[in-house]
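Step one of this worksheet: look at the structure below.
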Amino acid sequence: MDRTPPTVPDELRQARWVLHVDMDAFFASCEQLARPTLAGRPVLVGGLGGRGVVAGASYEARRFGARSAMPIGQARRAVGASAVVLPPRREIYSAASRRVFGVIRRFFPVLEQLSIDEGYGEPPELAGATVGEVREFAARLREAVREETGLPASVGAGAGKQYAKIASDLAKPDGMFVVPAARHEEIIYPLPVRSLWGIGPVAGQKLSLYGVMTVGDLARMTASDATGALGNALGGAMLAMARGKDPRPVHEPDVAKQISSEFTVATDLRAPEQIGEAIAKASAAAHRRLLRDGRLARTVTVKIKLTDFQNISRSSTMNTATEDLDTIVAVARALAPDPREVGAVRLVGVSLSGLTDVAQPSLFESASIALPRHDVGGARYDESSDIPEPMDPPRDAAAPDAAAASGASGAGESAEGDPPVGAGDRWRPGDDVRHPEFGHGWVQGAGHGWVSVRFETRATGPGKARSLRAEDPDLEPADPLDSLAWDYPSGENGEE
1 MDRTPPTVPD ELRQARWVLH VDMDAFFASC EQLARPTLAG RPVLVGGLGG RGVVAGASYE
61 ARRFGARSAM PIGQARRAVG ASAVVLPPRR EIYSAASRRV FGVIRRFFPV LEQLSIDEGY
121 GEPPELAGAT VGEVREFAAR LREAVREETG LPASVGAGAG KQYAKIASDL AKPDGMFVVP
181 AARHEEIIYP LPVRSLWGIG PVAGQKLSLY GVMTVGDLAR MTASDATGAL GNALGGAMLA
241 MARGKDPRPV HEPDVAKQIS SEFTVATDLR APEQIGEAIA KASAAAHRRL LRDGRLARTV
301 TVKIKLTDFQ NISRSSTMNT ATEDLDTIVA VARALAPDPR EVGAVRLVGV SLSGLTDVAQ
361 PSLFESASIA LPRHDVGGAR YDESSDIPEP MDPPRDAAAP DAAAASGASG AGESAEGDPP
421 VGAGDRWRPG DDVRHPEFGH GWVQGAGHGW VSVRFETRAT GPGKARSLRA EDPDLEPADP
481 LDSLAWDYPS GENGEE
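Quick note on numbering: the sequence shown equals residues 1 to 496 in the UniProt record's numbering.
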């Protein structure tokens with residue numbers, strides 16, 4: 001859908017065009033793609049437990065007021081009985097992202113990917129192009145993404161990154177919008193000042209004290225007032241962008257300096273063994289990302305958030321870089337505090353840094369933790385301890401990554417928080433399953449010894465729901481990627 005204002009003539013030329021591609025309701029759209037029965041339904045992706053938050057909401061759910069980062073219970077109440085709530089499936093989001101950006105890269109020689117679902121490009125062939133040519137280019141790009149992935153994308157175009165980002169927001173859902181520099185005041189000035197990337201709640205509040213509510217209000221400020229409100233660096237930069245000047249180049253993103261995973265637990269952790277299991281889970285998730293990255297890590301950091309929201313961060317640098325899960329888990333567990341001493345824990349995270357391509361031999365036969373740095377509520381102290389002997393891989397080491405996607409690094413609180421599955425509960429809603437007769441499916445509900453399964457994939461279209469005994473020996477766990485039913489070219493796979 002083209003949402004270019006009719007006042008913009010197609011023949012208008014511009015020296016520079018930056019495009020911003022943003023996938024629409026990406027997590028929910030992936031679920032609707034892989035589970036066709038959900039098309040047109042209000043889908044919430046997030047943790048199923050009491051502390052779960054929304055990681056993604058379909059546009060059908062957003063019409064009821066549901067949004068990302070909202071507590072899942074609040075979102076359920078807003079949507080009502082029609083809500084479909086699913087646990088995150090990072091495997092399919094990562095696989096879909098790789099396929100989407102594989103398509104986009106054919107259009108953008110230089111791709112600045114910002115996250116799992118958005119990125120910038122500045123195609124050389126659009127230098128000096130007309131508005132009409134940019135619209136045609138964006139239409140071809142959106143069509144290619146839709147045809148090769150089945151997913152909707154919104155595209156915005158403007159004279160710089162800031163305006164391309166604003167344009168893609170105006171294009172949503174599933175549209176395109178062009179903001180020529182010649183129409184900057186007409187299109188951009190009436191927008192709320194917080195439409196500018198860089199103006200958050202605090203900056204917006206400061207500007208409101210000067211009577212600044214729109215981008216146009218900011219553009220008409222004096223330089224001294226802008227810097228007085230926002231500081232020299234931010235004030236000057238935001239004033240220039242409000243006035244239509246954003247010369248920042250599009251570039252390939254820097255290599256990640258750390259890889260991490262963290263999640264909020266469903267129930268406060270109060271025992272050392274509970275912390276150990278949670279640390280193993282976070283370590284396994286970070287380890288999977290480390291393997292995808294292709295480098296090794298020397299430093300392990302454990303982050304703990306207590307129920308009073310005090311943060312505890314402990315780090316250890318090993319003698320040699322490693323990609324070994326046993327070693328990472330052992331180091332992380334050695335760093336973890338005892339909740340009987342520090343208090344109950346609500347969030348656990350593990351990050352890997354000191355990333356290197358070189359596996360340097362150790363000067364010693366075994367590594368040790370020497371004086372790890374601890375940050376507790378802002379105060380730091382040092383403590384020595386030894387790494388325990390490598391242990392067997394944790395039972396949940398192969399579990400899907402539970403961290404929410406707030407960037408390529410995986411930082412940020414998780415949408416996870418799912419209640420543990422009891423010994424008698426073989427299946428939970430959202431699980432991927434396979435049956436020799438009915439094929440691939442997903443669990444819609446379970447209880448009282450029965451499980452309701454919808455057998456379908458992207459390729460099959462909407463499928464039938466069947467009720468089966470929960471202990472049916474023919475019903476087995478399945479790879480979530482099978483729901484996408486994609487053939488992967490050589491060198492591409494869906495491993496998370």
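Every residue, glycine too, gets a C-beta built ideally from N, C-alpha and C.
Q: With DSSP as the reference, label Gly-228 as helix, strand or coil.
A: helix
Q) Which residues in the same chain have their Cβ closer than 6 Å to the Cβ of Val-103, if we skip the five residues on either side of it in sequence? A) Ala-144, Val-145, Glu-148
Q) For Glu-136, does the count of other Cβ atoms within 10 angstroms reach 16, so buried, or fall short, so exposed? A) exposed
Q. Any idea which residues DSSP pairs Ala-157 with across the strands?
A. Leu-19, Val-178
Q | Proximity below 9 Å, CB of Glu-262 to CB of Ala-297 | A | no
(Q) Our contact map puts Val-302 next to Ile-279 with C-beta atoms below 8 Å; I'd like the distance itself, whole angstroms only. (A) 7 Å
Q: Give the straight-line distance between the Cα atoms of Glu-60 and Ser-68, rounded to the nearest whole angstrom.
A: 13 Å
Q) Can you give the beta carbon distance from Glu-112 to Val-250, rounded, assuming they're within the 8 Å contact cut? A) 5 Å
Q. Is Arg-248 buried or exposed, if buried means 16 or more other CB atoms sit within 10 Å of its CB?
A. exposed
Q.
Would you call the stretch 448 to 458 in contact with the stretch 28 to 41, where contact means no fewer than 3 C-beta pairs closer than 8 Å?
A. yes
Q: Output the distance between the C-alpha atoms of Arg-77 and Gly-198, rounded to the nearest integer angstrom.
A: 32 Å
Q.
For residue 549 and Ala-240, what's the separation of their Cα atoms in angstroms?
A. Past the edges of the chain, shown from 1 to 496, lies residue 549, and the structure says nothing about it.
Q. Can you name, in chain order, every residue of its own chain whose Cβ lies under 6 Å from the Cβ of Pro-272, other than the five neighbours on each side?
A. Asp-338
Q: Please state whether DSSP places Met-1 in a helix, a strand or coil.
A: coil
(Q) What would DSSP say about Arg-298, mapped onto helix, strand or coil? (A) strand
Q.
Buried or exposed for Gly-128, going by 16 or more other Cβ atoms inside 10 Å?
A. exposed
Q: Please report how far the alpha carbon of Leu-19 lies from the alpha carbon of Thr-214, in whole angstroms.
A: 23 Å
Q) Are three or more beta carbon pairs between the stretch 10 to 25 and the stretch 180 to 197 nearer than 8 Å? A) yes
Q | Exposure of His-287, with buried meaning 16 or more beta-carbon neighbours within 10 Å | A | buried
Q: Give the C-beta separation of Phe-26 and Tyr-93 to the nearest angstrom, bearing in mind that I take them to be a contact with Cβ-Cβ under 8 Å.
A: 7 Å
Q) Taking DSSP as the reference, what is the three-state secondary structure of Gln-32? A) helix
Q: Mind reading off the beta-carbon distance from Leu-141 to Val-155? Whole number of angstroms is fine, and I expect it under 8 Å.
A: 6 Å
Q. Does the Cβ of Asp-117 have 16 or more other Cβ atoms within 10 Å, making it buried, or fewer, making it exposed?
A. buried
Q. What is the residue span of the alpha helix (DSSP H) that Arg-466 lies within?
A. Unbroken run through Arg-466 is the beta strand (DSSP E), 465 to 469; no alpha helix (DSSP H).
**Q.** Whole-number beta carbon distance between Asp-293 and Ile-259, since they are thought to touch under 8 Å
**A.** 6 Å
Q: State the Cα-Cα distance for the pair Gly-200 and Lys-172, rounded to the nearest angstrom.
A: 21 Å
Q) What separation, rounded to the nearest whole angstrom, lies between the Cα atoms of Asp-2 and Ile-188? A) 18 Å
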